[in-house]
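Numbering (the numbering used here), first residue to last: 1 to 324.
Where a beta carbon is used, it is the ideal one built from N, C-alpha and C, also for glycine.
Everything numeric in this text was worked out from a predicted model, so none of it was measured.
Structure first, commentary second.
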Ligand code: AN0
Ligand code: CP
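So this is what it looks like as structure tokens:
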């Protein structure tokens, strides 16, 4: 693996999931791989889990870690080529990426969608500019359209639950549901989860359903062959995993079309499902998107998912270190 920008960079998904599970059982087995190597973690946006779990994973592999918040710790970065740089952005990504690439063997980047111009966000300019100019492997720490380290942690979590619950069906039903929120959020987590679950469904590992109000359809390349059911209660029938996430509209780009509170997940929804587990990438707003009762019950997997971010990052960094 050179870059880790999306599922397309993964040669063998089963093996990567197994590698994460192995790292969890034996975190320091590959300490030699990262010795005297440095990773730079570059954040254009806030983070709790991604920042700490990726740092921890790199340290487990023996790496040194440098973290930087763009625009706060550093200069603002211009991404457009050929412009007269008379805005508040003092440095161009061409120099910045090339320079960071001289200090670091791997660079992780977080750059959310701006949710103003769909074509621009879906071009993934920040990831591609860094990949073009850094000269070292790039890891996606959540880009405009995807959050693959989260999706890998989610796959690991579902796999672990499957392995420890022999009563689950061989192909558990996984339902991605839209949740209400007053602020427009990116589609990245939902896009990525859908992309990865479609791959798991194709391999016969899960059945995958997406549910959301009208107007919240994900981009066709992400929803793929998933079954879309607009009635949430119907979608939850027999669900083994309920994966909640808010996203803003893709078709009416970046808009909040409804805040209908009936889409929030409560114990009634869990009861409709097959005693389903609740999943969310975090951060989550309690009692707006999901009730306290669900989050504080044994049905919730949110802490396990977050814990597995360490092992998903470690599996990915290991793959990349093996190529350096
Ligand atoms: C971000 C999002 O929805 O993409 C990050 C989630 C991991 N969430 C918020 O901005 C609240
Ligand atoms: N799930 C996730 O990526 O969390 P952070 O935004 O806190 O990194």
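For residue 185 and residue 145, the gap between their C-alpha atoms comes out near 11 angstroms.
Taking residue 35 as the centre and dropping the five residues before and after it, the same chain places the C-beta of 62 closer than 7 angstroms to its C-beta, in chain order.
Taking the C-beta atoms as reference points, residue 311 is found nearer than 8 angstroms to residue 24.
Take residue 280, set aside five residues on each side of it, and the residues of its chain with a beta-carbon closer than 6 angstroms to its own are 244 and 302, in chain order. Minimum Cα-Cα distance from residue 305 among the listed residues 49, 252, 44 and 4 corresponds to 49.
For residue 49, DSSP records no beta bridge to any residue.
For the pair of segments examined, the stretch 142-159 was found to touch the stretch 193-209: the number of CB pairs separated by less than 8 angstroms reaches three. Going by beta carbons, residue 188 and residue 142 fall inside the 8 angstroms limit.
Assignment of residue 127 by DSSP, reduced to helix, strand and coil, places it in the helix class. In this structure the stretch 206-213 lies against the stretch 226-243, because at least three pairs of beta carbons, one per stretch, are closer than 8 angstroms. The beta carbon of residue 66 sits closer than 8 angstroms to the beta carbons of 38, 39, 40, 41, 103 and 104 from its chain, once the five residues preceding and following it are set aside; these are given in chain order. Taking the Cα positions, residue 96 is about 12 angstroms away from residue 68. Short of 7 angstroms from the beta carbon of residue 59, and not among the five residues preceding or following it, lie these beta carbons of its own chain, in chain order: 65. Residue pairing by DSSP places residue 43 opposite 69 and 110 in a beta bridge.
For residue 80, the secondary structure class from DSSP, reduced to helix, strand or coil, is coil.
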